[in-house]
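Worksheet for the structure shown next.
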Amino acid sequence: MRYKLESFKLSNLDRILADIPPDITEFDLSNITFYSVNYGDGDLTANLILKILKKSPEKIQTINLSQNHLGGHYDGRRPFSTDHLISILNALPKSLISLNLSHNYLHWLSADDFVTVIKALPAQLKSLNIASNNLEKYSASDLIKILKALPQDLQSLNLDWMKLHETFSAAEIIEILKALPENLTSLTLRGNSLGLYSHEEQIQIISSLPKQLKHLDLANNFIRNLTGDNLSELFAALPESLVSLSWCENGLNCLSSQELQQAFSSLCTSHLTSLLLSANVLEESKIIALLPFFANSKITFLELKSTFMQDSGGYKGLSKETSDQIQKILWNNQKKSFMNPDPANEPQIYGLQALCGRAITLFPIHFDAEKTTKVALDIIAESKWLIETEGLKVGRY
Numbered sequence: 001m002r003y004k005l006e007s008f009k010l011s012n013l014d015r016i017l018a019d020i021p022p023d024i025t026e027f028d029l030s031n032i033t034f035y036s037v038n039y040g041d042g043d044l045t046a047n048l049i050l051k052i053l054k055k056s057p058e059k060i061q062t063i064n065l066s067q068n069h070l071g072g073h074y075d076g077r078r079p080f081s082t083d084h085l086i087s088i089l090n091a092l093p094k095s096l097i098s099l100n101l102s103h104n105y106l107h108w109l110s111a112d113d114f115v116t117v118i119k120a121l122p123a124q125l126k127s128l129n130i131a132s133n134n135l136e137k138y139s140a141s142d143l144i145k146i147l148k149a150l151p152q153d154l155q156s157l158n159l160d161w162m163k164l165h166e167t168f169s170a171a172e173i174i175e176i177l178k179a180l181p182e183n184l185t186s187l188t189l190r191g192n193s194l195g196l197y198s199h200e201e202q203i204q205i206i207s208s209l210p211k212q213l214k215h216l217d218l219a220n221n222f223i224r225n226l227t228g229d230n231l232s233e234l235f236a237a238l239p240e241s242l243v244s245l246s247w248c249e250n251g252l253n254c255l256s257s258q259e260l261q262q263a264f265s266s267l268c269t270s271h272l273t274s275l276l277l278s279a280n281v282l283e284e285s286k287i288i289a290l291l292p293f294f295a296n297s298k299i300t301f302l303e304l305k306s307t308f309m310q311d312s313g314g315y316k317g318l319s320k321e322t323s324d325q326i327q328k329i330l331w332n333n334q335k336k337s338f339m340n341p342d343p344a345n346e347p348q349i350y351g352l353q354a355l356c357g358r359a360i361t362l363f364p365i366h367f368d369a370e371k372t373t374k375v376a377l378d379i380i381a382e383s384k385w386l387i388e389t390e391g392l393k394v395g396r397y
């Protein structure tokens, strides 16, 4: 259950905190400094955040502290001292496993102070978002030092929008990737302009990604103007352990149908069940050319939105015939996963997506959807015996 602390006055904060449901697991504290006090009074603002954290419910697992100027202001001012920031992190609940610190101008911290702050993170933390903090402002050696200070049991890290190409050579990025926590299984590198490196350098960078990764987001990296051979080599360099891959907005429309078939044949699908290809503006003929690849894979979640701005209605340009073919492929892949569960894949079948292959079209139905379609209910009824025989567990995806 998620709770967002909205705009408030200091005079009624105690009442608001007292009314927070005790069973929430996600606490959204983004942008609260904007509503609270003057950034110039770091003591008062830090004490406010500390008060909120100390009053937070005991079972909080996820906290969003983005957009709070924790590292500094856009003009370089430091509203919080390093000691303030450490105090805030030390006050995080012991149950916390996911923390969002994005958009906080953390680059205004010195590298040594950043390392000190990182070491104050909860040891049990599994997921950390430090995207959009201008980390490219650090030298490669300083960034490596910061990343090496991350909790070694961290499993998920978001490093979106770092503008890597503006600062680091390919050789430096390779060394930076080597500094990532050794247990990392999920990495987000969206919007980092990796496509501005030479093709040979792109292969070297992708080949340096942690081999144990299960989830990888390389969307919007300007990886375009490629040949089929180029993309084949990039796909072949990806970790073979991937369960989900986002290759959105990377110029796939520049390739012919034959080149796409060639390239995707190099993509390892031993464990891949989720593939995101949105905003590649693919013509229907090119999607049709990829249908045999989808059918021979284990993919059960396929995103083909034509733009990021489009709603969840799917790829509007597809004919009903092609859409139906994709639905059938996804459902058949879903049935294969029911009948032959792969222990190397995720340990749970997530949400209604797992039970409603025909109902999801190109997108899953959320577990907490207000209305469940009749088709979805029919599929649940059809699949009851599978649940009983295979012992499948259903939860949020």
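Anchor point for the sequence shown: position 274 equals 274 in this note's numbering, and the numbering is continuous, going up by one each time.
From the three backbone atoms N, C-alpha and C, an ideal C-beta is built for every residue, glycine too.
- Taking one beta carbon from each stretch, the region 132 to 147 and the region 194 to 205 have fewer than 3 pairs nearer than 8 Å; the two do not touch.
- Beta-bridge annotation (DSSP): E26 is paired with R2, T62.
- In the three-state reduction of the DSSP assignment, F222 falls in the coil class, being assigned neither a helical nor a strand state.
- Per DSSP, the beta-bridge partners of E303 are L276.
- For D229, the uninterrupted alpha helix (DSSP H) segment begins and ends at 228 to 237.
- Around the CB of G72, 16 or more other CB atoms lie within 10 Å, so the residue is classed as buried.
- In the three-state DSSP reduction, S186 falls in the strand class (E or B).
- Of the other Cβ atoms in all chains shown, 16 or more fall within 10 Å of the Cβ of K298; this residue is therefore buried.
- Closest in alpha carbon position to P292, among A149, A120, Q325, is Q325.
- DSSP places N158 in no alpha helix (DSSP H) but in the uninterrupted beta strand (DSSP E) bounded by 156 to 158.
- For L143, the three-state secondary structure derived from DSSP is helix.
- As computed with DSSP, S244 is found in a beta bridge with H215, S274.
- DSSP places S132 in no alpha helix (DSSP H); its state is neither H nor E.
- P181 and I63 have their C-alpha atoms spaced approximately 21 Å apart.
- When C-alpha distances from N158 are compared across N221, K145, L187, the shortest belongs to L187.
- Nearest Cα to L150 within the set N280, L99, L50: L99.
- Runs of the alpha helix (DSSP H) spanning 4 or more residues and lying entirely within the region 40 to 121 occur at 42 to 54, 82 to 90, 111 to 119, in chain order.
- Here DSSP, grouped into helix, strand and coil, assigns K320 to helix.
- Under the 10 Å beta carbon count, L44 is surrounded by fewer than 16 other beta carbons and is classified as exposed.
- Leaving aside the five residues that flank K211 on each side, the residues in its chain whose CB is nearer than 6 Å to its CB run, in chain order, P239.
- Shortest Cα-Cα distance from F235 to any of Q262, I52, K4 involves Q262.
- When C-alpha distances from C248 are compared across D160, S11, K305, the shortest belongs to K305.
- DSSP places I173 inside the alpha helix (DSSP H), whose first and last residues are 170 to 178.
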